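Colleague: If you count the sequence shown from 1, you need to add 313 to reach my numbering.
Here a beta-carbon is modelled for each residue, glycine too, at the ideal position from N, C-alpha and C.
These figures come from a predicted structure and were not determined experimentally.
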Amino acid sequence: MAIVIIRQDGKTEEWKEALSQSAPNTGIYSYLEDHPREEITMALVWKHPKGALCNYPNLQCIASFGAGVDFIFEDTERPKHVPITRVVDPKLTSDMSEFVIGQILGYLKNFNRYKLDQVKGTWDPLPYRRIEDVTVGIMGVGALGKRLSIDLNKLNFNVLGFTNSTKRIKGISIFSGEGKRREFLSRTDILVCLLPLTGKTTGILNRRLFAELPRGAYIINVARGGHLVDEDLLEMIESGHLSGASLDVFHSEPLPPGHPFWGHEKIQITPHVASVSDIPSVTPQILENYEKLQAGLPLLNPVSLEKGY
Ligand code: OXD
């Protein structure tokens, strides 16, 4: 039994070193080096090249290096019966929460606008809003959304959550199911998308949904670029229905040169940095899952192959 790491960014060696240090007797390989393909039982993946998972006849687990697994389901050539796991990690959840809180406060206090004014040499004090003036609606209250809702609540924000399942979070009004979506949206001033990307949620941030938000609403997308219909966002900002957006994720990353989001005064972009798997924090759960796999025990953080998250 052995592990293969399949990722195309520059982090393979760092992960391999951390995993090998914690489990010196385990075979851990990069997919780019010579490795015994029949021995591989666990593939650790992050945006792997499509089809790469077909090379392992004895694969028993496909483990995402991050919280998202959409890129695994997008690989239609992957062995479909192999269980998939994802990362649920306290640092990943708190990092996301801190990032979104930062974006919300920056929006309420006009920080982005003042940065633009500074570059232009403009002194233009604007009215600001307070925490008590706005309601934050979070679409998707899984591990990340739940933590964010609790942290926002502690800061005295009015917080609403939307989910298609039945979840309860102390102190948070949860709207469950499609029938409750309209009410959730009509009460939301700042909409945070933390949904998993699946066939059902692709393009969910569209003109129809935006129209159900109050005039002047603000969008924060920290989930996946595929949730957003870019043209609809631009159109709704242009018409004044939306006041702007903060986007950390895009259909294509890096955001292609010439895309209208670059240079848009009401859209703040960041390069997919809201929350990134922390190697020392995540390494133990990967190795624990590998041990469970060897022992035939149920895996940590399994993903539903049916639902896709
Ligand atoms: C993740 C991400 O899913 O970094 O973990 O987007």
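Return yes when at least one heavy atom of the ligand OXD lies under 6 Å from the C-beta of residue 621, else no.
Modeller: Checking the Cβ of residue 621 against the ligand OXD gives no.
Colleague: With DSSP as the reference, please indicate the residues paired to residue 474 in a beta bridge.
Modeller: Bridge partners of residue 474: 451 and 487.
Colleague: By DSSP's criteria, residue 374 is part of a beta bridge. Which residues make up the other side?
Modeller: Beta-bridge pairing links residue 374 to 355.
Colleague: Which residues mark the beginning and the end of the beta strand (DSSP E) in which residue 581 is found?
Modeller: Looking at the DSSP string, the run of the beta strand (DSSP E) that includes residue 581 is 580-582.
Colleague: Starting from the Cα of residue 596, find the closest Cα among 370, 376 and 412 and give me that residue.
Modeller: Comparing Cα positions, the closest option is 376.
Colleague: What separation, rounded to the nearest whole angstrom, lies between the Cα atoms of residue 518 and residue 431?
Modeller: Whole-angstrom Cα-Cα distance: 32 Å.
Colleague: Exposed or buried, residue 418, counting other C-beta atoms within 10 Å across all chains shown (16 or more means buried)?
Modeller: It counts as exposed.
Colleague: I want to check one thing, is the minimum distance from the CB of residue 381 to the heavy atoms of the ligand OXD below 6 Å?
Modeller: Yes, the ligand OXD has a heavy atom inside 6 Å of this Cβ.
Colleague: Quick check: what's the CA-CA separation for residue 399 versus residue 614?
Modeller: Going from the Cα of residue 399 to the Cα of residue 614 covers about 6 Å.
Colleague: Jot down the residue ranges of each uninterrupted beta strand (DSSP E) in the stretch 479-535, minimum 3 residues, whole runs only, in chain order.
Modeller: Counting whole runs of 3 or more residues, the stretch 479-535 contains the beta strand (DSSP E) stretches 486-489, 503-506 and 530-534.
Colleague: Tell me the DSSP bridge mates of residue 608?
Modeller: Paired residues: none, contrary to the question.
Colleague: Is it the case that the Cβ atoms of residue 504 and residue 453 are separated by a distance below 7 Å?
Modeller: Taking 7 Å as the Cβ cut-off, residue 504 and residue 453 do not qualify as a contacting pair.
Colleague: Is it the case that the stretch 489-502 contacts the stretch 519-526, given that we only count it when at least three CB pairs across the two stretches are under 8 Å?
Modeller: The stretch 519-526 is in contact with the stretch 489-502.
Colleague: Assuming contact is defined by CB atoms lying nearer than 7 Å, are residue 424 and residue 587 in contact in what I supplied?
Modeller: No.
Colleague: Near residue 611, which residues of its chain fall below 8 Å by C-beta distance, leaving aside the five closest residues on each side in sequence?
Modeller: Result list for residue 611: 605, in chain order.
Colleague: On the DSSP letters alone, give me the boundaries of the alpha helix (DSSP H) that residue 340 sits inside.
Modeller: Looking at the DSSP string, residue 340 is not in any alpha helix (DSSP H); the run it does join, the beta strand (DSSP E), is 340-343.
Colleague: Within 10 Å of its beta-carbon, does residue 549 have 16 or more other beta-carbons around it, so buried, or fewer, so exposed?
Modeller: Label assigned to residue 549: buried.
Colleague: Within the continuous beta strand (DSSP E) that includes residue 558, where are the two ends?
Modeller: Unbroken beta strand (DSSP E) run through residue 558: 555-560.
Colleague: Look up residue 331 in the DSSP assignment and say whether it is helix, strand or coil.
Modeller: Three-state result, residue 331: helix.
Colleague: Kindly indicate which residue of 420, 493 and 478 has the alpha-carbon position closest to the one of residue 560.
Modeller: Taking only the C-alpha atoms, the option nearest residue 560 is 420.
Colleague: Can you tell which of 325, 331, 319 and 332 has the C-alpha that lies nearest to the C-alpha of residue 363?
Modeller: Looking at the Cα atoms, 319 is the closest of the given residues.
Colleague: Give the DSSP-derived three-state secondary structure of residue 568 in the structure shown.
Modeller: Coil, per DSSP.
Colleague: For residue 589, which of 601, 492 and 379 has the nearest alpha-carbon?
Modeller: Looking at the Cα atoms, 379 is the closest of the given residues.
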